[in-house]
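Engineer: Mind having a look at this structure? Questions to follow.
2 protein chains.
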Amino acid sequence: MEQLKQKILNEGIVLSDRVLKVDAFLNHQIDPVLMQQIGQEFARLFRDEGITRIVTIEASGIAPAIMAGLELGVPVIFARKHQSLTLTENLLTASVYSFTKQVESTIAISTRHLSANDRVLIIDDFLANGKAAKGLISIIQQAGASIAGLGIVIEKSFQVGRQELEEAGFRVESLARIAALEDGKVVFID
Amino acid sequence: MEQLKQKILNEGIVLSDRVLKVDAFLNHQIDPVLMQQIGQEFARLFRDEGITRIVTIEASGIAPAIMAGLELGVPVIFARKHQSLTLTENLLTASVYSFTKQVESTIAISTRHLSANDRVLIIDDFLANGKAAKGLISIIQQAGASIAGLGIVIEKSFQVGRQELEEAGFRVESLARIAALEDGKVVFID
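Taken in sequence, the protein lines are chains A and B.
For the first sequence, position 177 (counting from the first letter as 1) is numbered 177 according to the numbering used here, and the numbering increases by one without interruption.
When you read off a place in the second sequence, starting at 1, and then add 1000, the result is the number in the numbering used here.
Structure, rendered in structure tokens:
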């Protein structure tokens, strides 16, 4: 997706050969117009899949997911990483290690919002090692729902996430695929 | 805002005389169409204020804020509650006590995205005691930016948040104002 790649080149900051900082438009400050374009692109890619729910994970997945949900006309569920007084009953959970936060955490979705009749599109901001994606897949499968695929904003293709998800049979659509972070520069696939 | 009140009546769950659960459309599952309507309403209310940035707080503030940002054509910044590898430098911080999570946490915004030239609209999902709002106000004032007001999705008017914010001189626009949570029922102001 050309607008996204340009934004990454213009405003992304390469912190190391593994860490790309996109706090200017995705992970801290968010560009709503770009998010709308991203939502439209995910909707275009998965329009014929009979999606009934989008599942993402707080916090940075919410903006692209809500825009895709608006385009597809379906509700968005964001998995919670943190305990809340109002989210206590009948939880489906999975354990996820976060590379950028360097902590293991439990993510949770209430059984109230996900059923065996659902066909789910997973959306997330980054795909690297695929830990968050696999946690979401586990939760969705616990609910008995089917998974149409994963819509990823930025994929670090030099890490194993996509390969492992594809080997497990999942469709992965990433709007920007990064081959390498080298000498402070972003190198895209294609 | 009538659609929001109807949604609260139809899908909100009164957990106690102080806790309203709206996990079906705002705090866990999100209704994108309702969020768009909410964004349009905030934009209508603050259209003439010369807003340059929207500031909210992860996670439930993001969806209404991004829709308001889309309508107003301005970027959205969400304050972080949790440490991240990619958000480390030049942070403005405030300490906030969360009633629903019952923990004190530090919220943070990078100085890179907020300056003295900004005129800020604060958006959040709930206003109760105003702790999160005051934390955001502190951060925005540390940046030297001016505050046009606060756009709140659901206000618990029986708690002190609105009164204290108005006494401090801030404009507060809440799309649903709850007078009381009584006998499992929601009673609105008006």
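For glycine and all other residues, C-beta sits at the position ideal for the given N, C-alpha and C.
Because the structure is a prediction, the values reported are computed rather than measured.
Quick check on I147/A - is its C-beta less than 9 Å from some C-beta in chain B?
Structural biologist: It does not: the Cβ of I147/A has no partner Cβ on chain B nearer than 9 Å.
Engineer: If we ignore side chains and look at the alpha-carbon of each, how far apart do G1069/B and F46/A end up?
Structural biologist: Computed Cα separation, rounded: 26 Å.
Engineer: Using only the alpha-carbon positions, how far apart do Q1077/B and V153/A sit?
Structural biologist: One point to set straight first is that residue 1077/B is Ile, not Gln, in the sequence displayed. Between I1077/B and V153/A, the C-alpha separation is close to 18 Å.
Engineer: Less than 9 Å separating the beta-carbons of K156/A and L20/A?
Structural biologist: Yes. Within cutoff.
Engineer: CA-CA distance, K185/A and V14/A?
Structural biologist: So the two alpha carbons sit approximately 6 Å from each other.
Engineer: Please report the distance separating the alpha-carbon of K1131/B from that of V1055/B.
Structural biologist: Cα to Cα, the separation comes out at about 15 Å.
Engineer: For Q36/A, which residues in chain B fall below 8 Å Cβ to Cβ?
Structural biologist: By Cβ distance, chain B contributes L1070.
Engineer: Just how far apart, CA to CA, sit K81/A and P75/A?
Structural biologist: Taking the straight line from one Cα to the other gives about 19 Å.
Engineer: My guess is that A1145/B and I1051/B are in contact by the Cβ rule of under 8 Å, so how many angstroms apart are they, rounded?
Structural biologist: Not quite, the Cβ-Cβ distance comes to about 11 Å (not below 8 Å), so this is no contact.
Engineer: Secondary structure at Q102/A, three-state DSSP: helix, strand or coil?
Structural biologist: In the structure shown, Q102/A sits in coil (DSSP, three-state: anything other than H, G, I, E or B).
Engineer: Compute the Euclidean distance between the alpha carbons of I178/A and S98/A, then round it to the nearest angstrom.
Structural biologist: In a straight line, the C-alpha of I178/A is about 19 Å away from that of S98/A.
Engineer: Using only alpha-carbon positions, find the residue among L1150/B, E1058/B and T1100/B that is nearest to I1107/B.
Structural biologist: When each option's Cα is compared against that of I1107/B, the closest is E1058/B.
Engineer: If we count the other Cβ atoms within 10 Å of its Cβ and call it buried at 16 or more, is L72/A buried or exposed?
Structural biologist: So L72/A ends up on the buried side.
Engineer: Tell me the rounded alpha-carbon separation between Q1036/B and I1030/B.
Structural biologist: Each residue's alpha carbon lies about 11 Å from the other.
Engineer: From the DSSP output, in three-state form, read off R1162/B for me.
Structural biologist: It is helical.
Engineer: Just to make sure I have the definition right: I need the residues of chain B whose C-beta is within less than 7 Å of the C-beta of S110/A. Which are they?
Structural biologist: In chain order: D1023 and H1028.
Engineer: Ignoring anything shorter than 3 residues, give me the beta strand (DSSP E) runs that lie fully in the stretch 8-68 of chain A, in order along the chain.
Structural biologist: Correct list: 53-57.
Engineer: Is it true that the CB of Q1040/B sits closer than 9 Å to the CB of L1092/B?
Structural biologist: Cβ distance not < 9 Å, so L1092/B and Q1040/B don't count as in contact.
Engineer: Whose C-beta lies closer than 7 Å to the C-beta of G1012/B among residues of the same chain, with five residues either side of it excluded?
Structural biologist: Result list for G1012/B: L1020, K1021, V1022 and V1186, in chain order.
Engineer: Check the Cβ of V1186/B against every Cβ in chain A and list those closer than 7 Å, keeping chain order.
Structural biologist: Neighbours of V1186/B on chain A: none; closest Cβ ~14 Å, over 7 Å.
Engineer: Please state the DSSP three-state secondary structure of E173/A.
Structural biologist: Note: E173/A maps to strand in three-state DSSP.
Engineer: I need the DSSP call for G144/A, collapsed to helix, strand or coil.
Structural biologist: Coil at G144/A, not helix or strand.
Engineer: Where does S174/A land, buried or exposed, given buried means 16+ other C-beta within 10 angstroms?
Structural biologist: Buried, since its Cβ has 16 or more Cβ neighbours within 10 Å.
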